[in-house]
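Taking it in order: structure first as structure tokens, then the write-up.
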Amino acid sequence: IAAVELDPGYLQDAGWRRVRLKVCPCGSRVRSHKIIFPMKPLIITQARMSSSRLPGKILMTVKGKSLLQYHIDGLKKCHIPIVIATTTNSADHVIEVFSKENGLHCFRGDELDVLSRYYYAAVNYDADVIIRVLSIDRW
26 IAAVELDPGY LQDAGWRRVR LKVCPCGSRV RSHKIIFPMK PLIITQARMS SSRLPGKILM
86 TVKGKSLLQY HIDGLKKCHI PIVIATTTNS ADHVIEVFSK ENGLHCFRGD ELDVLSRYYY
146 AAVNYDADVI IRVLSIDRW
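Here our numbering is used: the first residue of the sequence shown is 26, the next is one more, and so on.
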């Protein structure tokens, strides 16, 4: 499994096989390259309800849409399968319901071990390449 981390803004104009890769995740020196995925890519975005500063913010609404819905709408423009990785915490059941209502895959894993959540989501959905997109970066 190969993993890349993308800035959500770069995914806006992406096609099925081409995306622009944000090379430096810290943003200090950002270069973008077009890369071609010869393997099966999968976008994994994490979402949870238990934010310490503003619990439930991911499903708060702006102009009638949840913040998560805005995020997913942007990712759908890539035409790459999307999995929402959330926790097994009971508060995150609403994220699983949201996923099903919107025809998305959902994977639930350990609340404290984010890496295992991503890994098992990739294994569960048979991904060769993981595209990690943080859902809260915009907000």
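Using N, Cα and C, we set each Cβ at its ideal position, and we do this for glycine too.
{"Check": "Decide if residue 137 is buried, meaning its Cβ has at least 16 other Cβ atoms within 10 Å, or exposed.", "Outcome": "exposed"}
{"Check": "When DSSP labels each residue in this structure, what does residue 104 get in the three-state scheme?", "Outcome": "coil"}
{"Check": "Taking residue 114 as the reference, which of 125, 73 and 156 has the closest Cα?", "Outcome": "73"}
{"Check": "Would you check if the distance between the CB atom of residue 83 and the CB atom of residue 120 is smaller than 9 Å?", "Outcome": "yes"}
{"Check": "Assign residue 90 to one of three DSSP states: helix, strand, or coil.", "Outcome": "strand"}
{"Check": "Less than 6 Å between C-beta atoms, sequence neighbours within five positions excluded: which residues of the same chain meet that for residue 106?", "Outcome": "67"}
{"Check": "Nearest-angstrom Cα distance between residue 144 and residue 86?", "Outcome": "30 Å"}
{"Check": "Answer with buried or exposed for residue 122, where buried requires no fewer than 16 other C-beta atoms within 10 angstroms of its C-beta.", "Outcome": "exposed"}
{"Check": "Per DSSP, what are the beta-bridge partners of residue 134 in this structure?", "Outcome": "112"}
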